[in-house]
Structures are given as C-alpha cells and as structure tokens.
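A short write-up of the structure that comes next.
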C-alpha cells in the first residue's frame, strides 16, 4: 500500500484523470453557444461561432492527450520511490503547468492560423 502513496502518482494521476474526463465530456457534450461558463473560453475562441466550435473540438482533443501524458508521468513516479515527496510535488506542478501551457498555446496558435487576427 505504501507503494501507491507517491505524491507524484497521486497529483499527476488525479489531474490526468480530470483532464481526460473533461476532454471526453467536452467532445460528447460540446457547448452549443458561446458562453462564459463552459468550454475553452478565450477572447480568440469567442470571436465567432466558427472559432468557438473549432476551439472546443481542438482543445478537447488536446486535453485528452494532456490527461494521458499526466497519467503516464504519474505512473513513472511509482517507479521513483527513492525521490522525496517534496521533490515529487514540485516536479508534478512543473509538469502540470507545462502541459496546461501547451494546451493553451497550441490551441491559440491553431486559432490564429485558422481564423487570423480580426
């Protein structure tokens, strides 16, 4: 049981599951209209209905990939039992912030390429 108490496994595993679940929900039940409550919401994604629809589909797919990558890193932390939990927490946060930045930046780049700056 001590084996599964790795901080990196818990943090990245849970965050990965959340991103994976959120991506699947967003694909299955995409927001129909531009709104400020649900979906990928940035000024570039909310410029038009076409940009909104594109951003929802693209960010949902990337979210699923990001969730999967987080889960894989969490499983890798199970093998690193000799690494302190403090170090695992900081490394987990770095991985999460990097992957979230990737999700946002890649979606914004795709939106800019497809719809330009209006």
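Residue numbers (our numbering): 2 to 119. Even for Gly, the Cβ is constructed at its ideal location relative to N, Cα and C.
Using DSSP with H/G/I as helix, E/B as strand and the rest coil, what is residue 40? Position 39 of the chain shown, counting from 1, holds the residue named residue 40. In the three-state reduction of the DSSP assignment, residue 40 falls in the coil class, being assigned neither a helical nor a strand state.
With distances taken from CA atoms, which of 109, 16, 75 is nearest residue 59? Within the chain shown, the letter at position 58 stands for residue 59. When each option's Cα is compared against that of residue 59, the closest is 109.
Return the first residue and the last residue of the alpha helix (DSSP H) that residue 82 is part of. Translated into positions along the chain shown, residue 82 becomes position 81. Run containing residue 82: none; DSSP gives neither H nor E here.
Report the rounded CA-to-CA distance for residue 32 versus residue 40, giving the unit in angstroms. Within the chain shown, numbered from 1, the residue matching residue 32 stands at position 31. Within the chain shown, numbered from 1, the residue matching residue 40 stands at position 39. If you take the alpha carbons of residue 32 and residue 40, they lie about 6 Å apart.
Is it buried or exposed, residue 98, if we count other Cβ atoms within 10 angstroms and call 16 or more buried? Taking the first residue of the chain shown as 1, we reach residue 98 at position 97. Burial call: exposed.
Residue of 102, 106, 74 minimising C-alpha distance to residue 12: Locating residue 12 in the chain shown gives position 11, where the first residue counts as 1. When each option's Cα is compared against that of residue 12, the closest is 74.
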